[in-house]
Amino acid sequence: MSGHEHWQLDGSAPELYQRYLVPAITSIWAADLIDRVQPKRGEAVLDVACGTGVVTRLAAERVTMGRVIGLDLNEGMLTVARSVPHTGVPIEWLQGSALALPVNDGAIDLVLCQLGLQFFPDRACAVREMKRVLVSSGRVALSVYSAIERTPGAEAFASALDGRLGPDASKIKRAEHIFADANEVGDLLRKEGLDDVELYTVTKRISFPSVLDYVRFQLIATPMAGLLADHQASERDSVIEAVASATRLRLDPSMMVDGRFSFPQEAHIAIASKL
Numbered sequence: 002m003s004g005h006e007h008w009q010l011d012g013s014a015p016e017l018y019q020r021y022l023v024p025a026i027t028s029i030w031a032a033d034l035i036d037r038v039q040p041k042r043g044e045a046v047l048d049v050a051c052g053t054g055v056v057t058r059l060a061a062e063r064v065t066m067g068r069v070i071g072l073d074l075n076e077g078m079l080t081v082a083r084s085v086p087h088t089g090v091p092i093e094w095l096q097g098s099a100l101a102l103p104v105n106d107g108a109i110d111l112v113l114c115q116l117g118l119q120f121f122p123d124r125a126c127a128v129r130e131m132k133r134v135l136v137s138s139g140r141v142a143l144s145v146y147s148a149i150e151r152t153p154g155a156e157a158f159a160s161a162l163d164g165r166l167g168p169d170a171s172k173i174k175r176a177e178h179i180f181a182d183a184n185e186v187g188d189l190l191r192k193e194g195l196d197d198v199e200l201y202t203v204t205k206r207i208s209f210p211s212v213l214d215y216v217r218f219q220l221i222a223t224p225m226a227g228l229l230a231d232h233q234a235s236e237r238d239s240v241i242e243a244v245a246s247a248t249r250l251r252l253d254p255s256m257m258v259d260g261r262f263s264f265p266q267e268a269h270i271a272i273a274s275k276l
């Protein structure tokens, strides 16, 4: 994709998520998570809040002869996940909640959860469920975004959004970044009975065709689309342009070179065991 090729958002939100957000962001973090935890041949793996399945498919490539399950609450995401080709062991796609995993006790060797824990209404319950389904010595590997100030592209967008649509407009975006410190994640895992917790804080470089494309995606193909749900198309486009312009003013010029939008994004990675 060239620096001047703008994204065409003509599809459902899950389709757009797979087409654009997965290559731009989640595939980068998925590779990091899988490389750190190293799923083993023959393991049973559960990917919680799998979305369109980028982590699930990488796990299926690694375990080859094991069992891999991708679980998500959103059936639309799973529909897209089922349509994406993959190699390795067949994947079981399940619709269900992270707070009541439809998996037997002690059935899983490795639970994965990429960039999902921050969204669960009861995070402690979700961790307990992950522990419940693990075999003895089974592992959990998850990632969450760090403080929004550590991801300047997201912070600039959130501030611009509040300035244009009101002080609560960025509430959903800021909720992605509730774990300011990696130790908050580690403490949660330990409190719910997991051990040998390893914590990492990692920065990746994220790139979009332009600031406008980044803002447009956020306001059309994520839960933040609700902010503009009652706007007519022309009014919606005007708001998106205004938020993009305000975002640019808050960015370091080095993040906008040759029209592209590139910025550092920080996340915490945690790996723990059930002893």
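Under my numbering, residues 2 to 276 are what the sequence shown spells out, in order.
We put the CB at the ideal spot given by N, CA and C, even for glycine.
- Check the Cα spacing between Ile26 and each of Asp188, Tyr215, Ala161: the tightest is with Tyr215.
- The residue among Ile109, Thr53, Leu116, Gln233 with its C-alpha nearest the C-alpha of Pro40 is Ile109.
- With a cut-off of 8 angstroms on Cβ pairs, the region 111 to 123 is not in contact with the region 77 to 86, counting fewer than three such pairs.
- Inter-residue distance for Ile29 and Ser263 is about 14 angstroms (C-alpha atoms, whole angstroms).
- Under the criterion of beta carbons closer than 8 angstroms, Thr248 and Ala127 do not qualify as touching, at roughly 32 angstroms.
- Taking Gly154 as the centre and dropping the five residues before and after it, the same chain places the C-beta of Phe264 closer than 6 angstroms to its C-beta, in chain order.
- The three-state reading of DSSP puts Glu156 in helix, counting H, G and I together.
- With respect to the C-alpha of Ala181, the residue from Thr152, Leu166, Ile173 having the closest C-alpha is Thr152.
- Taking a C-beta distance under 7 angstroms as the contact criterion, Ala268 and Val186 do not qualify as a contact pair.
- Excluding its 5 nearest sequence neighbours in each direction, Val212 has C-beta neighbours in its own chain below 8 angstroms: Ala245, Thr248, Arg249, Leu252, Met257, Phe262, listed in chain order.
- A straight-line Cα-Cα distance of about 21 angstroms links Arg191 and Ala50.
- Pairing Asp48 with Gly71 gives a Cβ-Cβ distance under 7 angstroms.
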